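Visitor:
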Amino acid sequence: MAATTFLRCLDESVATTDAILGLFYEISEIAADKVKPDHWAAQTIVDTETGEEIVHVGRQIGEENAAKIVASNLKKVRVIQNPSDALILNTV
Numbered sequence: 022m023a024a025t026t027f028l029r030c031l032d033e034s035v036a037t038t039d040a041i042l043g044l045f046y047e048i049s050e051i052a053a054d055k056v057k058p059d060h061w062a063a064q065t066i067v068d069t070e071t072g073e074e075i076v077h078v079g080r081q082i083g084e085e086n087a088a089k090i091v092a093s094n095l096k097k098v099r100v101i102q103n104p105s106d107a108l109i110l111n112t113v
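This note's numbering puts the first residue of the sequence shown at 22, with every later residue one more than the last.
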């Protein structure tokens, strides 16, 4: 059993992926036009105009998705900028 699954069972306050990531990583809310491909999504990033999911929570943004975010009508996004260890990101 993954440690994150165990955490989800312990307390409702850490039942979501967003909440678990907040326990282990520094999360920043940044302007959408400042997103970089090496950032990781701290929440699912959705284009509010089209409803398209651009990046799923816990995934690295990458070149193509960074361009989509910058081109979208999003103002701000929540990201993990420099995860020191991707262990938790790999289990969510």
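Quick reminder that beta carbons are idealized off the backbone N, C-alpha and C, glycines included.
As the structure is a prediction and not an experimental result, all values here were calculated from the model.
1. Using alpha carbons as the reference points, say which of Lys-97, Gln-64 and Ala-87 lies closest to Leu-110.
2. Taking Lys-89 as part of the alpha helix (DSSP H), name the residues at either end of that continuous run.
3. When the Cβ atoms of the region 45-55 are set against those of the region 71-85, are three or more pairs found closer than 8 Å?
4. Just curious, the beta strand (DSSP E) that Ala-52 is in, first and last residue?
5. Would you kindly work out how many angstroms separate the C-alpha atoms of Leu-95 and Lys-55, rounded to a whole number?
Guide: So, from the listed chains and residues:
1. Within the sequence shown, the letter at position 89 stands for residue 110. Of Lys-97, Gln-64 and Ala-87, the residue nearest in Cα terms is Gln-64.
2. Mapped onto the sequence shown, residue 89 falls at position 68. From DSSP, the alpha helix (DSSP H) with Lys-89 extends over 83-92.
3. no
4. Against the sequence shown, residue 52 aligns to sequence position 31. Looking at the DSSP string, the run of the beta strand (DSSP E) that includes Ala-52 is 48-52.
5. Walking along the sequence shown from the start, residue 95 turns up at place 74. Walking along the sequence shown from the start, residue 55 turns up at place 34. Spanning the two alpha carbons is a distance of roughly 11 Å.
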